[in-house]
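If you count the sequence shown from 1, position 4 lands on 4 in our numbering, and the numbers rise without skipping. Glycine included, each C-beta is placed from N, C-alpha and C at the ideal position. Have a look at the structure below before the remarks.
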Amino acid sequence: MNIHTYPSTDASNIGIANWMVDYIHKTLAEKKMFTLALSGGNTPKA
Numbered sequence: 001m002n003i004h005t006y007p008s009t010d011a012s013n014i015g016i017a018n019w020m021v022d023y024i025h026k027t028l029a030e031k032k033m034f035t036l037a038l039s040g041g042n043t044p045k046a
């Protein structure tokens, strides 16, 4: 496992976006499909 640190939130966002693009490209070079699931929505309210 590699740990990366960034000087700002913006730099961190760019870093993870670049990592994701590279990861997706590598996966699609070996497979025909890439699936990404993102959680979201609202926290249940009382």
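For residue i, the nearest candidate out of the options (CA to CA)
| i | options | result |
| --- | --- | --- |
| residue 23 | 6, 34 and 13 | 34 |
Cα-Cα separation, residue i to residue j
| i | j | result |
| --- | --- | --- |
| residue 14 | residue 3 | 15 Å |
| residue 38 | residue 25 | 18 Å |
| residue 19 | residue 42 | 27 Å |
| residue 6 | residue 29 | 29 Å |
| residue 10 | residue 32 | 32 Å |
Run of the alpha helix (DSSP H) containing residue i, from where it starts to where it stops
| i | result |
| --- | --- |
| residue 15 | 9 to 30 |
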